[in-house]
Structure formats: structure tokens, C-alpha cells
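Residue numbers (the working numbering), protein chains in the order written: chain R, 1 to 435; chain L, 1 to 170. All residues carry an ideal CB built from backbone N, CA and C; glycine is no exception. Every value quoted in this text rests on a predicted model; they were computed, and no experiment measured them. So the structure is just underneath, and the comments pick up after that.
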Amino acid sequence: MGYPYPPDEKETVVLSQYFGDEGARSYQGWVKRGGYQALEAALAMEPGAVTDVVKASGLRGRGGAGFPTGLKWSFMPKDSGKDHYLVCNADESEPGTFKDREIMRWTPHGLIEGCAIAAYAIGAECCYVYIRGEFTEPLAIMAKAVAEAYANGVLGEKLLGTGPRLEMIIHRGAGAYICGEETGLMNSLEGRRGNPRIKPPFPAQAGVFGLPTTVNNVETLAAVPHIINRGADWYQGICLGNEKSTGTKLYSVCGHVQKPGNYELAMGTPLEELIFDMAGGMPPGRTLKAVIPGGSSVPIMDAEDVKGCLLDYEGVVERGSMLGSGGVIVMDDSTDMVYQIYRLTRFYAHESCAQCTQCREGTAWTVKILERILGGHGKESDLDLLLDLADNMTGTTICVLSDSCAAPVVSGIAKFRSEFDAYLSGARPPALAAH
Amino acid sequence: MSTAGASASETSYQPVFTGETMAALETLFERYPTKQACMLPALWMVQEARGWISERAMAEVAEVIGVTPAYVKGVVTFYTMYHTHPVGRNVIQVCTTTPCSLCGAEAVLRTILQETGCEELGRTSTDGRFTVQEVECLGACGFATPILVNDDFIESVTPERVAGLLEGYK
Ligand SMILES: Cc1cc2nc3c(=O)[nH]c(=O)nc-3n(C[C@H](O)[C@H](O)[C@H](O)COP(=O)(O)O)c2cc1C
Ligand code: SF4
Ligand code: FES
């Protein structure tokens, strides 16, 4: 539901059904609401059959890349004789995204159940839940729920008393966006700097501790029990746009809307309905200028791109951007696009792990040039310089943080060039003191 | 090796990992296939006990984990939440990333810097009460502006709310 607001009738409430319901947080409360039935049902199936159900549901990764979840699980080796690991990615640090936080705060046992089913499917006896260090409340709630799950015989030597062993460990991050990138996360978990690793090898071959690993996002894993309970056909049927994008997705809406919050929508719902109807549109008297639909790492859309855009993986790509993590950042006509693009690039410059030259230097230079433009000392050639830099930063590095910094610059210049020009010509007074 | 020139803080260093804290770390060792995986948890334990992570503490972590002090330093400095310098009794982290910036986060930050008497980012107020940090997205962008005061995550902070909120932190 549109937490913290009451559900909108246009929402399809599945994962968010119990947002705001404190009773759902405890083990007893969760069981009363039908919790752990999916795990029981999964344990009665062969692990491969669980994976097949998830495959058939069409569920795709909700962490940003949209990779088919069942397919990812099927990459895990069979009978390798090695320990397998499941890692739940709860690092949620992508600007604009705050959905995993609510899943952990309100339905911790739903996430534990999803992790348990996934671990069973991939043959993992150990699951690490990597939660960003700043999430003090979700950390405490998850730790309590995991302890309850052990105490009630869900986790431990035998899953639900009958299945294989499963240990679940909450691991606290310490402040680094890049640890959300799955290989950076694995290094961090191993007690290293969170530098992303070169792939291959892929995590399913050699992941955390060099062993076969599956990394999934919180929202992805939280969807799994519902799929097991209600079936692949049901999930696949939640689809208004095209059959490659199925199920529900949580959208975090923030910025210039009257009702910021999390909304759960069937795939294929129009973006305009989300922004104007559910999230209440702009403040009075304001009009829409721009939207970043998938967390800060995707290209910026202008008001024209938003018109008729369907929210699913393909629909947003058709409008020149990406669904990403579903963090919808809304900007009205009062927004200084140059300043906000600059602020975004500062984020990436700060969060670059600095191991690739194009990223380390590129993010820093992008910030410097934008600072110069905003300070009133930009040169006509600066926009070409920014685009040239962006070109060098795209597709050339170990992970896509570098590309993510380039995306708002390239799309911003393409769509809001006149705002850059206004700073360059002096028509607009400097927004930053000269450096 | 202690020499006549060693500073008081070096000679008087009290280890963190003794008694219950060491026992807690040893329990953690059993939950990971390598000792090194307990690096972040061990650093959290140090910071909880001491408020920050000194070079001596890094050396101690190195010893219990089984890596070099330089390695520990490399890890500590990678993560923004570990303090490598003494901080005020209350550490305030304020998000000013784009979504919060759109909703006026910079004004919240300015007010906090003034009201705490810190004036500058990263500086501790003269009464030792506060240190203020500007941080990137706290994962609560719909509740702009979120701040983290020690372990208290506070949403929807406005300049008007700042003075009242700070009252609670002595
Ligand atoms: C720079 C960067 C940051 C990322 N941050 C996160 C994150 O905070 N949470 C997350 O689940 N995935 C994040 N991802 C995506 C992960 O690498 C990975 O694709 C995802 O966790 C896989 O889970 P899924 O298939 O369930 O989506 C990030 C990727 C990149 C490149
Ligand atoms: S692209 Fe940037 S963040 Fe990613 S590995 Fe390279 S330097 Fe690190
Ligand atoms: S941008 Fe401030 S919490 Fe995300």
C-alpha cells in the first residue's frame, strides 16, 4: 500500500499488505497471517521444482538489473560437493529507493521465509543478510525476527524441523553505496574493502568465500513465498503491459510529490497514474519537469517522456530510461536541473570505490566541471567536455557505477540544455560560490 | 615495544577484546568460514566501546583477526561510518543527496550546523556534544530530510524541528 498512506485502489497489494501493521512483525503474528506455509509447501517439493515455479512466474530481480530470478538460481551448480551461499542484498543505498527498508521493518518474517525458500532451492545451508549500517531500525527488527525464527525451529539444524540445515546471519554494513553491487558486497562480507570484482567468475561459480553464491535483493526474495503460495500462473497474470514483466513492484516515490511513499503496482501500470493519482502530483501550482524513474542511476526523463509511459522493464526502456530499483524521483518546474545533476554526480564521485581510472577520475572531473558551470565560470566547450568524459566513463569499468554517473549528465544535457546554457551565458546568476 | 617517547595514549591503551567482548567475537567467528569475515563486526564492537577507532585499536583488531594493521586501516577508511578521529558525544548524519536536496535538505543541514555550534562539517562542537556529518542517501528519501543521531533514525526533519530534536541529546 501507499505506505505511510492508506492503500490506493489502483495498487495491487501483495508485499506491502502488512506495512504499518505492527502485529505482523512477530513470529506468532506472522504465522497467524499465514506465514511459513509457503516454506512448508516448498520443503515438500524437490529443490529444482521450487526453482521451476519461480522461473515460470516470470519474477525478475528487483535490485536494479531485472535478471530473471529462477534462471539465476538454476546457474547454481548441482552436486558440487561445495558449500553454497545465499546472500540477501539489503544494502539499499540507491538514491530514491526506500522499499527494502519497509519490507524489513514490517514483514521481517516474510523476508526470512523468502530467504529460506531460496536457500532450499539453491542448496545453501547458510544465508547472510547484508543490511546497510545506517538502517538501525531494520537491523534491530531483523535481528529479533531471526532470533525468533531460530527459537521456533524455523531456522537451524533442520528448516521447520524437517528440512535441511539453514543458518541465517545478519551482517551490518558500515556506509558505502558500492557494497550494494553484488561483488563489492561479497568482498565487504569477507572483511575487505568493498571493491567490486571483475566478472567472470560469476557468483554462481565463485562467489563469497570463493564458493557458489546467489545474491538476491530483499524485494525479490520477499516475493517468493507469495509465488509459492499462490502459484506461478497467478504471479504471471499480474501483468498489464507485456509478458516479460510480471508480478507486482514496489515503487518508492519521492521529491516533489504531495504523498511520497511506497506504492505497489502491477507491472505495466502507467507512470502518470503513480505520480499524479497515487502520489498526489506536484504541490499546488507546480508542473512536472523531470522524473528519474529507477533510482538515481538511470537516465532522466522529461515531462514528454513520462506521458503514456508504462511502468515495466520494457516500457521504461522504450522511453529512454530504465526501471532500475523503482525509486521514482519527481522534480517540478522549480527545480534547477543543473544543480541537481551536479548533486547527483557528487554522490557518484563520493561513492566511487576508485579502482578504475575512468570512474575515479571521470566522476571527480564531472563534479569539477559542473561546479565551474554553476559558479558562473563555465566555458562554451564544457558541455562537450562533459559528454566526452561521459563517453569515456560508459562501458569501460569493472562495475556500472561509472556509467550511472554519466547517465544523468548525458540525458540532462540532451533534455535540459537551455538550463546549462543559461549558466554559461550568464543569463542565470551563479548557484555556487566560485571555487 | 614501548619506548620512552611513546605517547601516554599508546602506553595506556586498554584492549577492547577481553572478557565478554572477546567471548562475543569468538561466538561470531563460528558463524563465518573465515576469521577475516568478522572484520566489520569487530570494528563495530570497537566503535561501540570507544566511540571511534584509533590506530592502536586497528592494531588490536588486526591481531585478533589475523591480518596486518595496515590492512585493517585500509578497510576502516573505506567505510564512512567508522570514525578514525574522536567525535562528539552525539554524531549527527544528515542526508543531502538529490531527493532530499529537492525537499530542502541543505537548509536542514545549515540549521543543524548552527544550532549545534559545530559551524563546520566534521568539526566537534567546543562543548564536545556534537559532530555533524553530511552523508549520502540514507534510504528514506520519501521522508525528507532523514537524519541519524547516533543510532536514532529520525525522519522528516525540517529546520523548525531541529532545536527541539537536539534537546534530547546531551
Ligand atoms: C553500484 C551498484 C549498486 C547497487 N546497489 C544495490 C543495492 O543497494 N541493493 C540491491 O539489491 N542491489 C544493488 N545492486 C544490484 C546488485 O549488484 C545485484 O544485481 C542485485 O542485488 C541482484 O539481486 P536481484 O537479482 O534480486 O535484483 C547494485 C548494483 C550496482 C552496480
Ligand atoms: S566503476 Fe567505479 S565503483 Fe565500479 S569498480 Fe570501477 S572504480 Fe569502483
Ligand atoms: S536522498 Fe536522502 S534519504 Fe535518500
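Per DSSP, R/Gly261 lies in no alpha helix (DSSP H); the unbroken beta strand (DSSP E) holding it starts and ends at Gly261 to Ala266. Any Cβ of chain R closer than 7 Å to the Cβ of L/Val94 would place that residue at the interface, and such an atom is absent. Non-local beta-carbon contacts of R/Gly376 in its own chain, meaning distances under 6 Å to residues more than five positions away in sequence, involve Pro430 in chain order. For the set R/Met45, R/Arg60 and R/Glu125, the Cα lying nearest the Cα of R/Glu167 is the one of R/Glu125.
Between L/Val94 and L/Ile147 a beta carbon distance of about 5 Å is seen, short of the 8 Å cut, so the two are scored as contacting. Counting other Cβ atoms within 10 Å of its Cβ, L/Ser12 stays below 16 and is therefore classed as exposed. Assignment of beta-bridge partners to L/Thr124 by DSSP yields L/Thr131. Looking from the CA of R/Gly210, the closest CA among R/Asn229, R/Lys82 and R/Gly320 belongs to R/Lys82. The beta-carbon separation of L/Ile65 and L/Met39, rounded to 6 Å, stays under the 8 Å limit for a contact.
R/Asp403 and L/Leu28 have their C-alpha atoms roughly 37 Å apart. Between R/Val338 and R/His256, the gap from beta carbon to beta carbon reaches 7 Å or more.
With its beta carbon less than 7 Å from one in chain R, L/Thr98 belongs to the interface. Those residues of the segment 279 to 296 of chain R placed with their C-beta closer than 7 Å to a C-beta in chain L are Ser296, ordered along the chain. Residue burial annotation: R/Asp8 is buried, with at least 16 other C-beta atoms found within 10 angstroms of its C-beta. For R/Ile198, the distance from the CB to the nearest heavy atom of ligand 2 is not below 6 Å. Cβ atoms of R/Ala145 and R/Ile112 come within 8 Å of each other, at about 6 Å. Proximity of the beta carbon of L/Pro99 to ligand 3 is indicated: a heavy atom of the ligand is located closer than 6 Å. Out of R/Lys307, R/Leu288, R/Ala121 and R/Cys353, the CA that lies nearest to the CA of R/Asp332 is found in R/Leu288. Counting the other CB atoms within 10 Å of its CB gives L/Lys170 a total below 16, which places it among the exposed residues. A buried status is given to L/Thr97, since no fewer than 16 other beta-carbon atoms sit within 10 Å of its beta-carbon. For R/Ile169, the enclosing beta strand (DSSP E) starts and ends at Glu167 to Arg172. DSSP places R/Ile131 in the strand class (E or B) of the three-state scheme. Residues of chain L whose Cβ lies closer than 7 Å to the Cβ of R/Thr335 are, in chain order, Leu102.
In this chain, R/Val409 is not harboured by any beta strand (DSSP E); it is covered by the alpha helix (DSSP H) spanning Leu401 to Lys415.
Between the segment 252 to 266 of chain R and the segment 129 to 143 of chain L there are three or more inter-stretch CB-CB distances shorter than 8 Å, so the stretches are counted as touching. Taking 7 Å as the threshold, the shortest C-beta distance from R/Cys254 to chain L falls below it.
L/Arg89 is outside the set of residues whose beta carbon lies under 7 Å from a beta carbon in chain R.
With contacts defined as CB atoms closer than 7 Å, R/Glu181 and L/Ala37 fail to qualify as a contacting pair. Closer than 7 Å to the CB of L/Thr80 there is at least one CB belonging to chain R.
Runs of alpha helix (DSSP H) with 4 or more residues, each lying fully within the segment 300 to 353 of chain R, are found at 303 to 306, 313 to 318 and 337 to 351, listed in chain order.
DSSP places R/Tyr423 in the helix class (H, G or I) of the three-state scheme. The criterion of a C-beta distance shorter than 7 Å is not satisfied by R/Ser296 and R/Pro138. Taking a Cβ-Cβ cut-off of 7 Å, L/Phe17 has no neighbours in chain R, whose nearest Cβ is about 15 Å from it. When the five nearest sequence neighbours on each side are left out, the beta carbons in the same chain lying within less than 6 Å of the beta carbon of R/Thr394 are those of Asp403 and Ala406, in order along the chain.
With a threshold of 16 other beta carbon atoms within 10 Å, L/Phe17 meets it and is buried.
Our two residues, L/Ser125 and R/Gly114, have alpha carbons roughly 46 Å apart in a direct line.
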